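Enquirer: If you scroll down you'll find the structure; I have some questions about it.
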Amino acid sequence: MTVVSKTEERQTKEIIVVDDHPTSRDGIVKWILSEPDLKVCYQAETAEQALDAVIRMKPDLVVTDITLPGKSGLELIRDILAVAPALPILVISIHDERLYAERVLRAGGRGYVTKQARGDTIVEAIRRILSGHVYVSQEASQQILETLVTTKKSPEATSVRQLSDREFEVFQLTGQGLSS
Numbered sequence: 115m116t117v118v119s120k121t122e123e124r125q126t127k128e129i130i131v132v133d134d135h136p137t138s139r140d141g142i143v144k145w146i147l148s149e150p151d152l153k154v155c156y157q158a159e160t161a162e163q164a165l166d167a168v169i170r171m172k173p174d175l176v177v178t179d180i181t182l183p184g185k186s187g188l189e190l191i192r193d194i195l196a197v198a199p200a201l202p203i204l205v206i207s208i209h210d211e212r213l214y215a216e217r218v219l220r221a222g223g224r225g226y227v228t229k230q231a232r233g234d235t236i237v238e239a240i241r242r243i244l245s246g247h248v249y250v251s252q253e254a255s256q257q258i259l260e261t262l263v264t265t266k267k268s269p270e271a272t273s274v275r276q277l278s279d280r281e282f283e284v285f286q287l288t289g290q291g292l293s294s
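Using this note's numbering, the first residue of the sequence shown is number 115, and each one after it goes up by one.
Here it is, written out as structure tokens:
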């Protein structure tokens, strides 16, 4: 089943916000609702809730955290794009943009913002993505471009980037002291 966004049919853009931390989710929702042409049509705590809402509600954008219970945000991006290939997805996360922004873009996301960003930066990212553009910070953009150039010259220079998304997730969890 393929879901088609109703972007062309309405003036107000409908957004699903996905974050398992209520305080973070509430803050993101507050910034979105401060804009008269943006509406939060659903708030989800899990990837499963988000995917179900995407299918039922046909939003214009999904804003999600990358760390969710049971499934990573990278997996959620792939799952959403499997049912709604044109649906733009913005990731807002506490994780280091230098490590995650490129992975989000490779998974099909349209942007990455850290949770340390100001609210107006989040709104700017939403607007840019809804306009068909990609959004990452200037620093992340520069790093991604430098990585492309460096990788062609020296593939071993990007050892962490060579890990699969799952390997990288395990690497991060191990660094946090967790084990199987």
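Note that CB positions come from ideal geometry on N, CA and C, so glycine has one too. Treat the numbers as computed from the prediction; the structure is a model and nothing was measured.
For the region 122–152, which segments carrying the beta strand (DSSP E) assignment without a break, of at least 3 residues, lie completely within its bounds, in sequence order?
Expert: 127–132
Enquirer: Assuming contact is defined by CB atoms lying nearer than 7 Å, are residue 167 and residue 130 in contact in what I supplied?
Expert: yes
Enquirer: Which same chain residues, not among the five before or five after residue 118, have their C-beta less than 8 Å away from its C-beta?
Expert: Unreliable placement is indicated for residue 118, whose pLDDT of 49 sits below 50; the coordinate value is still reported in the next sentence. Cβ neighbours of residue 118 beyond the five flanking positions: 172, 198, 200.
Enquirer: Does the beta-carbon of residue 271 have 16 or more other beta-carbons within 10 angstroms, so that it is buried, or is it exposed?
Expert: Only weak support exists for where residue 271 lies, its pLDDT of 48 falling under 50; the coordinates are left without a value.
Enquirer: Using the three-state DSSP reduction, which class does residue 206 fall into: helix, strand or coil?
Expert: strand
Enquirer: Which residue from 133, 196, 181, 146 puts its Cα closest to that of residue 239?
Expert: 146
Enquirer: Please go through the same chain and pick out, in chain order, the residues whose beta-carbon is closer than 7 Å to the beta-carbon of residue 164, but skip the five residues on each side of it.
Expert: 130, 132, 158, 176, 178, 190
Enquirer: Classify residue 202: buried if its beta carbon has 16 or more other beta carbons within 10 angstroms, exposed otherwise.
Expert: buried
Enquirer: What separation, rounded to the nearest whole angstrom, lies between the Cα atoms of residue 218 and residue 193?
Expert: Going by the C-alpha atoms only, they are around 13 Å apart.
Enquirer: Starting from the Cα of residue 142, find the closest Cα among 222, 243, 196, 227 and give me that residue.
Expert: When only C-alpha atoms are compared, the closest one is 227.
Enquirer: Quick check: what's the CA-CA separation for residue 121 versus residue 181?
Expert: With a pLDDT of only 46 at residue 121, under the threshold of 50, the placement of this residue in the model should not be trusted, and no figure is reported.
Enquirer: Would you kindly report the start and end of the unbroken alpha helix (DSSP H) that includes residue 235?
Expert: 233–244
Enquirer: Would you report the Cα separation of residue 148 and residue 233, rounded to the nearest angstrom?
Expert: 10 Å
Enquirer: What is the DSSP secondary structure of residue 271, counted as helix, strand or coil?
Expert: Note on residue 271: pLDDT 48, under 50, position unreliable in the model; the coordinate value appears next. Helix, per DSSP.
Enquirer: Select from 244, 184, 196 the residue whose C-alpha is nearest the C-alpha of residue 152.
Expert: 244
Enquirer: Taking the beta strand (DSSP E) that residue 175 falls in, what are its first and last residues?
Expert: 175–178
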